[in-house]
Amino acid sequence: MDRMIHFKIKRQDGPNSPPYWEEFKMPYAPQHNCISALMYLREHPVNIKGQRVAPVVWESNCMEEVCGACTMLVNGVPRQACAALVDELEQPIRLEPLTKFPVIRDLLVDRQKMFDGLIQVKAWVPLDGSQDIHLHAPRISPVEQSLRYIFSRCMTCGCCMEVCPQYHDGSPFVGPAPLGQVALHNAHPTGGFFKADRLHAIMGPGGITDCGNAQNCVKVCPKDIPLTEAIGALGRQTTVQWLRDLLM
Amino acid sequence: MAKQSVIVVGGGLGGLWAALRLAEAGVSVDLFSLFPVKRSHSCCAQGGINAVLDIKGQHDSVEQHITDTIKGGDYLADQPPIKTMCEEAPGLIRTYDRMGVTFSRTPEGIMDQRLFGGVKNKRTCFAGATTGAQLLYSIDEQIRFHEAEGRVRKFEFWEFLSLVLDEQGVCRGLVALNLRSMKVEAFRADAVILATGGAGLIWGRSTMSTNCTGAAASRVYQQGAKFANGEFTQFHPTAMKGHDKLRLMSEACRGEGGRIWVPRKAGDTRAGRDIPEDERFYFLEEWYPTYGNTVPRDVASRAIVRATRHMGLGVRGQEIVYLDLTHKPREFLKNRLGGILEMYETFAGVDPYTNPMEVFPSMHYTMGGLWVSYEKDGHTGGMVRAHPRNHATSIPGLYACGECDFGYHGANRLGANSLLSASFSGRVAGDAVAAYIKSLKSATEKTPQGVFDAERRRQEEFNQAILARTGGENASTLHRQLGELMSEHVFVERDNAGLDKALAGIAELKERAKNIALDDQSGWANQLLPWARQVQDMLVLSEVMTKCARLRDECRGSHYKAEFELKQPAGKFAGDPEYEEYTAKWKANNEKWLKHSIATHTPAGPQVEYWPIEASVMAPEKPRDYR
Numbered sequence: 000m001d002r003m004i005h006f007k008i009k010r011q012d013g014p015n016s017p018p019y020w021e022e023f024k025m026p027y028a029p030q031h032n033c034i035s036a037l038m039y040l041r042e043h044p045v046n047i048k049g050q051r052v053a054p055v056v057w058e059s060n061c062m063e064e065v066c067g068a069c070t071m072l073v074n075g076v077p078r079q080a081c082a083a084l085v086d087e088l089e090q091p092i093r094l095e096p097l098t099k100f101p102v103i104r105d106l107l108v109d110r111q112k113m114f115d116g117l118i119q120v121k122a123w124v125p126l127d128g129s130q131d132i133h134l135h136a137p138r139i140s141p142v143e144q145s146l147r148y149i150f151s152r153c154m155t156c157g158c159c160m161e162v163c164p165q166y167h168d169g170s171p172f173v174g175p176a177p178l179g180q181v182a183l184h185n186a187h188p189t190g191g192f193f194k195a196d197r198l199h200a201i202m203g204p205g206g207i208t209d210c211g212n213a214q215n216c217v218k219v220c221p222k223d224i225p226l227t228e229a230i231g232a233l234g235r236q237t238t239v240q241w242l243r244d245l246l247m
Numbered sequence: 000m001a002k003q004s005v006i007v008v009g010g011g012l013g014g015l016w017a018a019l020r021l022a023e024a025g026v027s028v029d030l031f032s033l034f035p036v037k038r039s040h041s042c043c044a045q046g047g048i049n050a051v052l053d054i055k056g057q058h059d060s061v062e063q064h065i066t067d068t069i070k071g072g073d074y075l076a077d078q079p080p081i082k083t084m085c086e087e088a089p090g091l092i093r094t095y096d097r098m099g100v101t102f103s104r105t106p107e108g109i110m111d112q113r114l115f116g117g118v119k120n121k122r123t124c125f126a127g128a129t130t131g132a133q134l135l136y137s138i139d140e141q142i143r144f145h146e147a148e149g150r151v152r153k154f155e156f157w158e159f160l161s162l163v164l165d166e167q168g169v170c171r172g173l174v175a176l177n178l179r180s181m182k183v184e185a186f187r188a189d190a191v192i193l194a195t196g197g198a199g200l201i202w203g204r205s206t207m208s209t210n211c212t213g214a215a216a217s218r219v220y221q222q223g224a225k226f227a228n229g230e231f232t233q234f235h236p237t238a239m240k241g242h243d244k245l246r247l248m249s250e251a252c253r254g255e256g257g258r259i260w261v262p263r264k265a266g267d268t269r270a271g272r273d274i275p276e277d278e279r280f281y282f283l284e285e286w287y288p289t290y291g292n293t294v295p296r297d298v299a300s301r302a303i304v305r306a307t308r309h310m311g312l313g314v315r316g317q318e319i320v321y322l323d324l325t326h327k328p329r330e331f332l333k334n335r336l337g338g339i340l341e342m343y344e345t346f347a348g349v350d351p352y353t354n355p356m357e358v359f360p361s362m363h364y365t366m367g368g369l370w371v372s373y374e375k376d377g378h379t380g381g382m383v384r385a386h387p388r389n390h391a392t393s394i395p396g397l398y399a400c401g402e403c404d405f406g407y408h409g410a411n412r413l414g415a416n417s418l419l420s421a422s423f424s425g426r427v428a429g430d431a432v433a434a435y436i437k438s439l440k441s442a443t444e445k446t447p448q449g450v451f452d453a454e455r456r457r458q459e460e461f462n463q464a465i466l467a468r469t470g471g472e473n474a475s476t477l478h479r480q481l482g483e484l485m486s487e488h489v490f491v492e493r494d495n496a497g498l499d500k501a502l503a504g505i506a507e508l509k510e511r512a513k514n515i516a517l518d519d520q521s522g523w524a525n526q527l528l529p530w531a532r533q534v535q536d537m538l539v540l541s542e543v544m545t546k547c548a549r550l551r552d553e554c555r556g557s558h559y560k561a562e563f564e565l566k567q568p569a570g571k572f573a574g575d576p577e578y579e580e581y582t583a584k585w586k587a588n589n590e591k592w593l594k595h596s597i598a599t600h601t602p603a604g605p606q607v608e609y610w611p612i613e614a615s616v617m618a619p620e621k622p623r624d625y626r
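Chains as they are written, first to last, in numbering that gives the first Met the number 0: chain A, 0 to 247; chain B, 0 to 626.
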């Protein structure tokens, strides 16, 4: 038999339907990734039993690991499926939806609460309007720039949230990704003017003290964002902020 | 009058800038997007954004930026908007800087600039090699602030289906599909801004994201909006090959010193890094000594096709050339281009620090798009600020900005001008719409509900007809075949016989598309239904692009037909009689062809007419010459 690519995909017809596994085989071609394979299966949606079925539902966009859309579990590991090359994966390749977010259908999940987290921690640099004020931001050293750049690569994909033991349905914890964004914005020369607001946003329940220091987040971040370092530093800053609040 | 509201469709740089300006003006904004706006295709832009800061002692000037942009586009773009864009670019960059964009810095802590194609000065601001993502994130954050304040409502995972036009043909809102519940709903708005990006998916595979189908632009075109310069699409010279996507390797690679070459010996089987220096053919440097590897993209793509298809010198006999950075220090490359070199390594499985990268031209950008107007300032020669005519389409109340409009780039876009035009045009469109809705004589709240219900029903019936069909055509198959057709006949080099074949092929695909049936009848998160509609709409737009290409018998920017090429006399320059003769011929050709092609939808296909361009800033006196 010709060489095939074998997929085992966890499917779910809707938010309240039971999940089930379905297997697919497709002809091998070099340089396939999991999304290009799903595209092939969209055109040829025949499962391993030879039944023509509804194609798998998934989310993707950039196909180059910068938009974060296609995050799912690939052989149990949360990552961008577009950058998961078939040639480097053990088969059958297992595709599952992220488990920390509500499943919409098949591999498509609802990550809205990550974006809500960004509002909660006020992840922006406040501006007095977007008009040109004929001034740049204050000077930023190349060293500071490269530190901030690492954090600004976060694409809100959800890998770190997926592996965080403290981040789940029953917990108010905001999760590692928004905390990284606090570090990013507090380190900006004018964003730092509002450091206290962001620190206050992560001082209460669901904030920084909910981090259990499992250190899983840094291991799966596709952009190598040093989340645990940020969380450590924020922990110290919130303590200082707490003392400062007492004296106010 | 009740509080006015505006709908923005699309949340890349253009849409978010428009939404931001409106929110700041106190207008409520409903922002529609197929996905969370942070994932928009703007995040794929790599190399940078142009603005004259003149920090490298090169005496760069705004005038030079204007000149480079006009000539880069082979004079086809209207010039007043270009003038204002280039003048306002430094201010726009300062705002981005204030928003916290992590621009790369000089040792003094100011924004660094690098070289890009089609220019001689370092004019491109950048944030590593993920500039688009960094810009997008910063404005996404600003919008999130306005969302928290209740000024912006997001409708993510909604697909725009059609405009709601009142009896006078004024746009009063839109009909959209909820991509989860599959419900079709009509929404009221005092104006709609379309910022839905390019149409790379028409070529099947391109450097674009999988949602860049051009369907939204096609839908408003089918409702009467004019589509301009459809034949002008940019083929980026350096993209990686792939099943699903042709991944971009930024022009910044060449701006930072990357060299394009092929082995001198046809069919050389050695690995690129084992081929000695004197057996490498650096054809861009040889053919264009002045600009070398940083000639504009249309020039570079044609040269690559010449070296591979015509001279047979492609790597291993294939349609591949080398993009070589291996002579540059690793640390330098990591700092300046790390993001994309990582991507190359991930997808090619080869280390680009020690091996030349393998690339080929790919569909990359649609210069053409929805026709939009502007109000010229008779005094400055630029655009009038905050004028309701700026970025207005031919449908009253509908505006367009970003890649889905046709402005700024003419027949070819310069590298790093797209992040600029997306941001700038979004800002202009936002300001224009704020002015437009103030001037509205009758508010949309007065438009009868029946107008909205009728359009919603029309869309529902359309969907039901597709869902009810069984055993028909597969949308993905049609899409793949469309891509093959476009990639073969509507590519870097075109000829009329091929374009006729493409038109015949598209007509056949359009017929078959009437019979699309779905493998999924689910009423929940059904992705095949919107996909089937997108494929149908791509076919309509592909016909516009191909027909305009068929009709334009000349070479201009990205549009090249060998049969009609005015050859630059080799070794001759301005002042030489042969060159002057060439210039005279070029001017005579401009008389006929230096015009916008304007397509109007009819049931029988696009009707094309030609409108004059406005060359009030810089008259087309000198042909482009990058030698």
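The C-beta atom is built at its ideal place from N, Cα and C for all residues, glycine as well.
Starting from residue i, trace the alpha helix (DSSP H) both ways and give me its first and last residue.
i, result
"B:Gln133", "130 to 147"
"B:Ile339", "329 to 347"
"A:Lys112", "111 to 119"
"A:Ile34", "33 to 42"
Indicate whether at least one CB of chain A lies closer than 9 Å to the CB of residue i.
i, result
"B:Arg218", "no"
"B:Lys244", "yes"
"B:His40", "yes"
"B:Ala524", "yes"
"B:Ser137", "yes"
"B:Trp202", "no"
"B:Ser208", "yes"
"B:Leu91", "yes"
Taking C-beta to C-beta, are residue i and residue j nearer than 9 Å?
i, j, result
"B:Gly471", "B:Glu86", "no"
"B:Arg315", "B:Gly266", "yes"
"A:Ile4", "A:Met38", "no"
"B:Gly223", "B:Thr599", "yes"
"B:Gln57", "B:Met98", "no"
"B:Gly368", "B:Gly197", "yes"
"A:Leu106", "A:Glu89", "no"
"B:Pro387", "B:Ser438", "yes"
"B:Ile597", "B:Glu580", "no"
Grab me the residues of residue i's own chain with a C-beta within less than 8 Å of its C-beta, minus the 5 sequence neighbours each way, in chain order.
i, result
"B:Gly647", "The question about residue 647 of chain B has no answer, for chain B in this structure spans 0 to 626."
"B:Asp494", "Lys560, Ala561, Glu562"
"B:Asp629", "Residue 629 of chain B lies beyond the residue range present for chain B, which begins at 0 and ends at 626; the question has no answer from this structure."
I'd like to know whether the C-beta of residue i is nearer than 9 Å to at least one C-beta of chain B.
i, result
"A:Gly174", "no"
"A:Glu22", "no"
"A:His199", "no"
CB-CB under 7 Å to residue i, same chain, minus the five flanking residues each way: which ones, in chain order?
i, result
"A:Asn46", "Glu21, Glu22, Phe23, Val52"
"B:Ala614", "Tyr74, Gln78"
"B:Gln133", "Val100, Thr101, Ala126"
"B:Leu632", "Chain B is shown from 0 up to 626; residue 632 of chain B falls before or after that span and cannot be answered."
Could you check where the beta strand (DSSP E) with residue i kicks off and where it finishes?
i, result
"B:Cys170", "170 to 177"
"B:Met485", "Element bounds for B:Met485: not the beta strand (DSSP E) but the alpha helix (DSSP H), 474 to 488."
"B:Ser41", "Unbroken run through B:Ser41: none, as it is neither H nor E."
"A:Leu242", "Per DSSP, A:Leu242 belongs to no beta strand (DSSP E); it is in the alpha helix (DSSP H), 226 to 246."
"A:Met250", "Because residue 250 of chain A is not part of the residues shown, which for chain A are 0 to 247, the question remains open."
"A:Ile92", "92 to 95"
In its own chain, which residues sit with a C-beta less than 6 Å from the C-beta of residue i, not counting the 5 before and 5 after it?
i, result
"B:Asn49", "Arg122, Thr123, Ala415, Asn416, Leu419"
"A:Ala213", "Pro164"
Between the stretch 129 to 140 of chain A and chain E, which residues of the former have a C-beta closer than 9 Å to a C-beta of the latter? The question asks about chain E, but that chain is absent: this structure's protein chains are A and B.
At what residue ranges does the stretch 230 to 273 of chain B contain a whole run of the beta strand (DSSP E), taking only runs of 3 or more? 232 to 238, 258 to 262
Counting only runs that start and end within the stretch 356 to 424 of chain B, where is the beta strand (DSSP E) found for 3 or more residues in a row? Taken in chain order, the unbroken stretches of beta strand (DSSP E) that lie wholly in the stretch 356 to 424 of chain B and span 3 residues or more are 356 to 365, 397 to 399.
Start-end ranges of the beta strand (DSSP E) lying completely within the stretch 162 to 228 of chain B, minimum 3 residues: Assignment of beta strand (DSSP E) within the stretch 162 to 228 of chain B, counting only whole runs of 3 or more residues, yields 170 to 177, 183 to 187, 190 to 193 in chain order.
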